[in-house]
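Trainee: Throughout, our numbering is defined as the position within the sequence shown, counted from one, plus 555.
From the three backbone atoms N, C-alpha and C, an ideal C-beta is built for every residue, glycine too.
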Amino acid sequence: MKFSIRLLYLYLFSFIGLLIAVIGAIRLIQLGIKVYVFKGADQYATYSTPILAPDGKGSTSTQADIEIQKRRDETENQRQRQREVSEAVAMLIVGIPLYKFHWNTIQKEAKRSKVS
């Protein structure tokens, strides 16, 4: 098989597709490990700030305020996980066909050049 710009293009895009697919798979595995093995890995400590009364004096946050904040944090963690999953799946959906198409084309051309 001799070198050509077309062959360089095919190898380059095959590599890019494989790289995108690998990164997507890594991100899915990472998310799975965070969710199922290291359950606190994506939990962040939040500290409540005192709520100022109209007279300027600080008052402490109530238990209800703390619970509301915890629910908000958990909802945001779930949304972040959904964003991560959608990005990783999109990488797989784009990367695998990109790799397969270009790699199959390389294989077909290699077979044709051996026959000729």
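Can you tell me where the alpha helix (DSSP H) with Ala-596 in it begins and where it stops?
Mentor: By 1-based counting over the sequence shown, the position of residue 596 is 41. Looking at the DSSP string, Ala-596 is not in any alpha helix (DSSP H), and its letter there is neither H nor E.
Trainee: So, helix, strand or coil for Lys-557, using DSSP?
Mentor: Locating residue 557 in the sequence shown gives position 2, where the first residue counts as 1. Coil.
Trainee: Within 8 Å, do at least three Cβ pairs link the segment 559–569 to the segment 648–662?
Mentor: Yes, since at least three Cβ pairs between the segment 648–662 and the segment 559–569 fall closer than 8 Å, the two stretches touch.
Trainee: Along the alpha helix (DSSP H) that carries Thr-630, what are the first and last residues, could you check?
Mentor: As a first step, residue 630 must be located in the sequence shown, where it is residue number 75. Counting along the chain, the alpha helix (DSSP H) containing Thr-630 begins and ends at 618–670.
Trainee: Could you round the C-beta distance between Glu-672 and Arg-561 to whole angstroms and report it? I think they count as a contact, below 8 Å.
Mentor: No information on residue 672 is available, as it lies outside the stretch 556 to 671 that the chain covers here.
Trainee: Using only CA atoms, which one of Gln-598, Met-646, Leu-647, Ala-645 lies nearest to Arg-626?
Mentor: Within the sequence shown, the letter at position 71 stands for residue 626. Taking only the C-alpha atoms, the option nearest Arg-626 is Gln-598.
Trainee: Thinking C-alpha only, which one of Ala-596, Val-592, Gly-650 is nearest Ala-580?
Mentor: In the sequence shown, counting from the first residue as 1, residue 580 sits at position 25. Nearest of Ala-596, Val-592, Gly-650 to Ala-580, Cα basis: Gly-650.
Trainee: Just how far apart, CA to CA, sit Ala-643 and Ile-578?
Mentor: What you label residue 643 is simply residue 88 of the sequence shown in a count that begins at 1. What you label residue 578 is simply residue 23 of the sequence shown in a count that begins at 1. Near 8 Å, if we compare the C-alpha coordinates of Ile-578 and Ala-643.
Trainee: Please report the distance separating the alpha-carbon of Gln-662 from that of Leu-586.
Mentor: Working through the sequence shown from its first residue, we reach residue 662 at position 107. Working through the sequence shown from its first residue, we reach residue 586 at position 31. So the alpha carbons of these two residues sit roughly 34 Å apart.
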